[in-house]
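Heads up: the sequence shown begins at 27 in our numbering, then just goes up one per residue.
Glycine included, every Cβ here is placed at the ideal spot set by N, Cα and C.
Okay, structure first, notes after.
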Amino acid sequence: MSALEVVVVLAAGLAAGTINGVIGSGTLITFPVLLSIGFSPVVANVTNTVGLAPGSATAVYGYREQLAGRWRWALGYAAASACGAVAGAILLLTLPASAFRVVVPVLISAALVLVVLQPRIARRVLARREAGHLPNGRILRGGIGLTGLYGGYFGAAQGVLLFALLGTAIPEDLQRVNALRNLLAGTANGTAAIVFLAVADVELLAALLIALGAMCGGLLGARIGKRLPEPALRALVVVVGVVAIVRVLA
C-alpha cells in the first residue's frame, strides 16, 4: 500500500466508525475504499469486517450508560446475533467468489434503499410502539439471528434493519434501542471477524488501519455524528454505495 492509500484507509475507518455509532452502514464507506485499492470483493469484505470490529466495541462502550442494568437481557439477544453471524461467515467462505460478486450489488442496493428510508422507518417504528404492537420473544430472537447472518455475510445497513426490528419489538426509549442495536451489530461483526481471522485471507495492514480509525470513530460517533445533519450522512452513504456497486460490476 502507498502512503496515500494508508491515509485514505485510515480516514475511511474513522468515518465508518463514526457513522456506525450513529446510524450504521459504515461498511458502505470502507468496502468501496478497499475495492478501489485492488482487493477482491471477498478479501475486501473479510478485511473490512475484521477492521470494523474494534470500532463496534468502542461504540458499545460509548452507550454503556444506556445498557446499565440491562446486560443480562441484552446478552441473551447478543447470543442470537452471534449464532447468525457464524452462519453468515461460513456462507461467505464456502460459496464461490462468483456468487458474492453477484450478490453484493444486490445487497448494497438494498442497503442504500434502507438508508434512504431510515427516517420513514423511524416514524413507523414509533407509531407501532405507541400502538403497543410488540412481537413475542421467539420471533424477535429469530429476527435478530437473521440480521446476524446478514452481518456475518456482508452487513451493510445491518444497523438499519436492527433499528426497525428492535424499535418495534422492545418497549424501551430509542436511546436504549440504539445502544442495543450497537451491541448486536458489534456482536455479529466481532463474531464474524474471529471466524475470518482463523480461516480466511485477511489483509492485516488494511484491517489494522481501519481498526485504528474505527475505534476513534466509535468513541466520537455519539458526540460528533449526532451534530451532523442526518440527511448529509445518508447522502454520503448513498454516494459511496453507488461507487461500490460500480466498482463490483466493473
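Under the three-state DSSP convention, the category residue i falls into
i	result
Met-241	helix
Pro-122	coil
Gly-52	coil
Gly-43	helix
Ser-62	helix
Ala-157	coil
Glu-31	helix
Pro-255	coil
Extent of the continuous alpha helix (DSSP H) to which residue i belongs
i	result
Gly-174	163-179
Pro-67	67-88
Val-228	Counting along the chain, Val-228 falls outside any alpha helix (DSSP H), and DSSP gives it neither H nor E.
Ala-94	First-last for Ala-94: undefined, no H or E at that position.
Ala-190	184-195
Beta-carbon proximity check, residue i vs residue j, cutoff 7 Å
i	j	result
Ser-313	Gly-174	Any property of residue 313 remains undetermined from this structure, which presents the chain solely from 27 to 276.
Val-86	Leu-209	yes
Leu-275	Ala-205	no
Thr-53	Ala-38	no
Gly-50	Cys-109	no
Ala-153	Ala-218	no
Ile-271	Ile-134	yes
Val-76	Ala-233	yes
Tyr-176	Leu-117	no
Asn-74	Leu-60	yes
Thr-44	Gly-247	yes
Ala-115	Val-221	yes
Val-68	Val-228	no
Leu-200	Gly-169	no
Leu-30	Leu-235	no
Phe-189	Arg-164	no
Gly-88	Leu-230	no
Leu-119	Ala-226	yes
Ala-42	Gly-216	no
Leu-40	Gly-193	no
Ala-211	Leu-166	no
Ala-104	Thr-213	yes
Val-269	Pro-58	yes
Would you call the segment 225-244 and the segment 122-141 in contact, with 3 or more CB pairs under 8 Å?
no
Under 8 Å, with one C-beta from each stretch per pair, do the segment 175-184 and the segment 132-144 reach the 3-pair mark?
yes
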